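Each remark here refers to the structure printed beneath this line.
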Amino acid sequence: MAGMAPSFRRRTRVPASTGHAEPVGRAGGTDRAAAPSERDMRQLEDDRRALIELCLYAIDRARSGGVAGRLEEGLAEVGVTAVRPDGARFDPSVHEAGGTVSTVDGTLDGVIAETEVAGFVDGETVLRVPVVTVYTVDGSAAR
Numbered sequence: 001m002a003g004m005a006p007s008f009r010r011r012t013r014v015p016a017s018t019g020h021a022e023p024v025g026r027a028g029g030t031d032r033a034a035a036p037s038e039r040d041m042r043q044l045e046d047d048r049r050a051l052i053e054l055c056l057y058a059i060d061r062a063r064s065g066g067v068a069g070r071l072e073e074g075l076a077e078v079g080v081t082a083v084r085p086d087g088a089r090f091d092p093s094v095h096e097a098g099g100t101v102s103t104v105d106g107t108l109d110g111v112i113a114e115t116e117v118a119g120f121v122d123g124e125t126v127l128r129v130p131v132v133t134v135y136t137v138d139g140s141a142a143r
């Protein structure tokens, strides 16, 4: 964009004591920021957790597949991945059965037919188990 100068925002913080923004200083007068304190790290972790919860809430309510997909992509970029175990064997310790669908194929008995609600994991931590539909052999259909 010709003629547009870049805009740089100065880093500030708003201390509770004054309620006014103050410039954030640099450690030792260098260009490197000071290492975050343990308190700052806890706050960052809490903020990340809250943003992830908000994104999961938004995914569940998104009316557009494109919006939901973009939210999932953004979560994946920070290590939170969707779990859709379609075709896997149902395991009640890691899946929630939302329903069943009849089949005459005995090899599909107990296999996940589809994912109703995606699950999510953050690294090794399960945030939400997937809700799935499971194939079950229908005795009357097999005759």
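Just so you know, we're using UniProt numbering here: the sequence shown kicks off at 1 and counts up by one.
All C-beta atoms in this analysis are idealised placements derived from N, C-alpha and C, irrespective of residue type, glycine included.
For clarity, every value in this text was computed on a predicted model and none was experimentally measured.
The beta strand (DSSP E) runs lying completely inside the stretch 37 to 104 and spanning 3 residues or more are 80 to 83 and 96 to 103, given in chain order. Note on GLU72: 16 or more other CB atoms within 10 angstroms of its CB, so buried under the neighbour-count rule. About 6 Å separates the Cβ atoms of GLY87 and ILE112, confirming a contact at the 8 Å cut-off.
Residue range 112 to 117 is occupied by the beta strand (DSSP E) that includes GLU114.
The beta carbon of GLY74 sits closer than 8 Å to those of CYS55, all from its chain and outside the five residues before and after it, given in chain order. According to DSSP, residue pairing for ASP122 in a beta bridge involves VAL80 and THR125. Distance from the Cα of ARG89 is smallest, within the candidate group PRO130, ASP109 and ASP47, for ASP109.
Around the Cβ of TYR57, a 10 Å sphere holds fewer than 16 other Cβ atoms; the residue is exposed.
Nearest C-alpha to ARG48 among GLY106, VAL67, GLY79 and ARG70: GLY79. The closest CA to that of GLY98, considering only PRO85, ARG39 and THR133, is found on THR133. Comparing C-alpha distances from PRO130 to each of GLU77, SER93 and THR115 shows the shortest one belongs to THR115.
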